[in-house]
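According to mature numbering (1 follows the signal peptide of the UniProt record, and there is no 0), the sequence shown holds residues -22 to -1, 1 to 188 in order.
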Amino acid sequence: MNIKKNTAAIIILLSLFNSAHAVNAYVDQFISFKDALGINAVAYGNNGTLTAPPPEVVNPDIILGVPTVSQWVSVPTDYSAVYGFNGQKATGGLDIYYVDAGALSNVSIWGKLNTADAWTQIGSVTEGAPLGSTYNPVSSFLSLAGTGLSGVSQVMIRGTDVAGWSPGFDLMGIQGRGMLASPVPEPETYALMGLGLIALLVNRRRQVNA
């Protein structure tokens, strides 16, 4: 293996490390929607077809992917909606999307990395005052800093009041920041691999010069 091939190997390794990190990603997995008793419940909200939003039955997976105008699921008091990132974890924080013409409804946000882990509270979010009727998605950012979580693969939205349009918090989407594909080698593993390639490069150069 010559010097050029060794250098190319190092470049490829670094590019693989960078490609393992995405800027952001929206939840793409619906896990559960339960009432205050922990029983699977019917969800209400808006499916995007109405301009005046009386509550209608919706599928809780309506909020997967990029948020859509006039499309949300309502999360009432003590109800919980759980979503996930399939094969990924958010390491930087979460953007919680909700209706811009809200009704001051609020929720607590919880996360965990592995299915068997206990839930850890990340923070809370409150909708804005009902200032119009456009029903566009707006968001609030919650950082993982200080939570003790290294990453989040599942997110639970838990209602804390019955305001909102449906009634309840009008959830339109969840986005993760600092996404990392899982499982992948830890940065320390990449560092060791890189050092090994560099050592190989140096050894080859010594052999050439000998």
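For glycine and all other residues, C-beta sits at the position ideal for the given N, C-alpha and C. All values reported here derive from a predicted model rather than from experimental measurement.
Cα-Cα, which of the options is closest to residue i?
| i | options | result |
| --- | --- | --- |
| L42 | A19, W88 and A59 | A59 |
| L15 | A159, P54 and A3 | P54 |
| W88 | V140, Q132 and T138 | Q132 |
| F147 | K67, G70 and D139 | D139 |
| A107 | A141, D95, S128 and G154 | A141 |
| residue 244 | Y113, K67, A96 and S128 | Lying before the first or after the last residue shown, residue 244 is absent from the chain, which here runs from -22 to 188. |
| L158 | V47, T98 and G70 | G70 |
If you follow the beta strand (DSSP E) that residue i is in, where does it begin and where does it stop?
| i | result |
| --- | --- |
| E34 | E34 to V36 |
| W50 | Q49 to V53 |
| W88 | N84 to K90 |
| S128 | Note, S128: premise wrong, no beta strand (DSSP E); not H, not E. |
| G106 | From DSSP, G106 is part of no beta strand (DSSP E); its letter is neither H nor E. |
| N25 | A21 to N25 |
| Y61 | S58 to G62 |
| P42 | Note that residue 42 corresponds to Leu in the displayed sequence, not to Pro. Run containing L42: none; DSSP gives neither H nor E here. |
Please classify residue i: is it buried, with 16 or more other beta-carbons within 10 angstroms of its beta-carbon, or exposed?
| i | result |
| --- | --- |
| F11 | buried |
| I100 | buried |
| T93 | exposed |
| G126 | exposed |
| V103 | buried |
| L72 | buried |
| S83 | buried |
| residue 191 | It is not possible to answer for residue 191, since the shown part of the chain is limited to -22 through 188. |
| D95 | exposed |
| G26 | exposed |
If I measure Cβ to Cβ from residue i and keep anything under 8 Å in the same chain, skipping five residues before and after, which residues do I get?
| i | result |
| --- | --- |
| V35 | V20, A21 and Y22 |
| Q7 | L42, Y61, G62, F63 and N64 |
| Q66 | A(-1), A3, S131, G154, M157, L158, A159 and S160 |
Grab me the residues of residue i's own chain with a C-beta within less than 7 Å of its C-beta, minus the 5 sequence neighbours each way, in chain order.
| i | result |
| --- | --- |
| T167 | Low per-residue confidence applies at T167: pLDDT is 48, beneath 50, and the placement is therefore not dependable, though the value from the model is reported in the following sentence. Within the same chain, T167 has no close Cβ partners at all. |
| P45 | Y75, P115, M150 and G151 |
| residue 189 | No statement about residue 189 is possible, as the shown extent of the chain runs from -22 to 188 and does not include it. |
| V5 | L42, Y61, G62, F63, V133 and I152 |
Tell me which same chain residues have a C-beta within less than 6 Å of the C-beta of residue i, skipping the five on either side of it?
| i | result |
| --- | --- |
| residue 247 | For the chain, the structure presents residues -22 to 188; residue 247 sits outside this window and is missing. |
Is residue i a contact residue of the ligand ZN, with contact defined as CB to any heavy atom under 8 Å?
| i | result |
| --- | --- |
| D95 | The ligand ZN is absent from the structure shown, which contains no ligand whatsoever. |
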